[in-house]
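J.: Sequential numbering from 26 applies to the sequence shown in the working numbering.
Dropping a structure here in structure tokens format, bear with me for questions.
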Amino acid sequence: MYFNRNYEHFGPVFQNRFKSILIENDSYFLKLSQYIYLNPVKANLVKNPLDYKYSSIREALGKEQLHFLDGDIIRLIGETENSRKEYEKFIINGISADLSAIEKLFEKEEAVMGNSKFATYAQKKYMRTKTK
């Protein structure tokens with residue numbers, strides 16, 4: 026009641042399911058991580074994504090100890106100083122990039138990120154299990 030009254034919200038606060046995106050491979054995952062880490066920049070909360078205190082990007086870049094991120098994510102980014110610098114550069118370069126295609130994925134409850142063959146296969150497989 027408190028939240029609804031103060032924020033003019035109706036119904037349960039968490040009434041919709043979480044958004045899930047099926048990702049084909051690591052390169053799509055990295056692009057998605059770029060979008061996520063740049064959300065505070067796009068929302069004009071900070072100019073640099075590393076400045077957003079609620080982000081795990083500093084963990085991903087080895088600037089803070091791991092608290093939230095899984096070791097598999099760190100291995101994907103790379104565990105060397107050079108790979109972390111490349112990943113940071115990749116994230117920063119996304120500030121001027123058009124990420125609207127990724128943003129549209131979040132409009133759906135379930136989405137697929139990958140090439141068209143993968144997307145078609147995943148959607149067919151999902152539809153098959155959904156109707157059972």
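Positions of the beta carbon are idealized from the N, C-alpha and C atoms, including for glycine.
Express the C-alpha separation of residue 125 and residue 104 in angstroms, rounding to a whole number.
T.: 30 Å
J.: Taking the CB atoms as reference points, tell me whether residue 54 and residue 91 lie closer together than 8 Å.
T.: At a Cβ-Cβ threshold of 8 Å, residue 54 and residue 91 do not count as neighbours.
J.: If you draw a straight line from the alpha carbon of residue 112 to that of residue 150, how long is it in whole angstroms?
T.: 33 Å
J.: For a test of your reading of the model: does the CB of residue 62 fall under 7 Å from any non-hydrogen atom of the ligand GTP? Yes or no.
T.: Among the ligands in the structure shown, none appear at all, so the ligand GTP cannot be discussed.
J.: By Cβ distance, which residues of its chain are closer than 6 Å to residue 157, with the 5 residues on each side in sequence left out?
T.: Note that residue 157 scores 49 on pLDDT, short of 50, meaning its location in the model is unreliable; the coordinates nonetheless yield the value given after this. Excluding residues within five positions, none has a Cβ falling inside 6 Å.
J.: At the level of alpha carbons, what is the spacing between residue 70 and residue 77?
T.: 8 Å
J.: Taking the CB atoms as reference points, tell me whether residue 139 and residue 61 lie closer together than 8 Å.
T.: no
J.: In three-state DSSP terms, what is residue 66?
T.: helix
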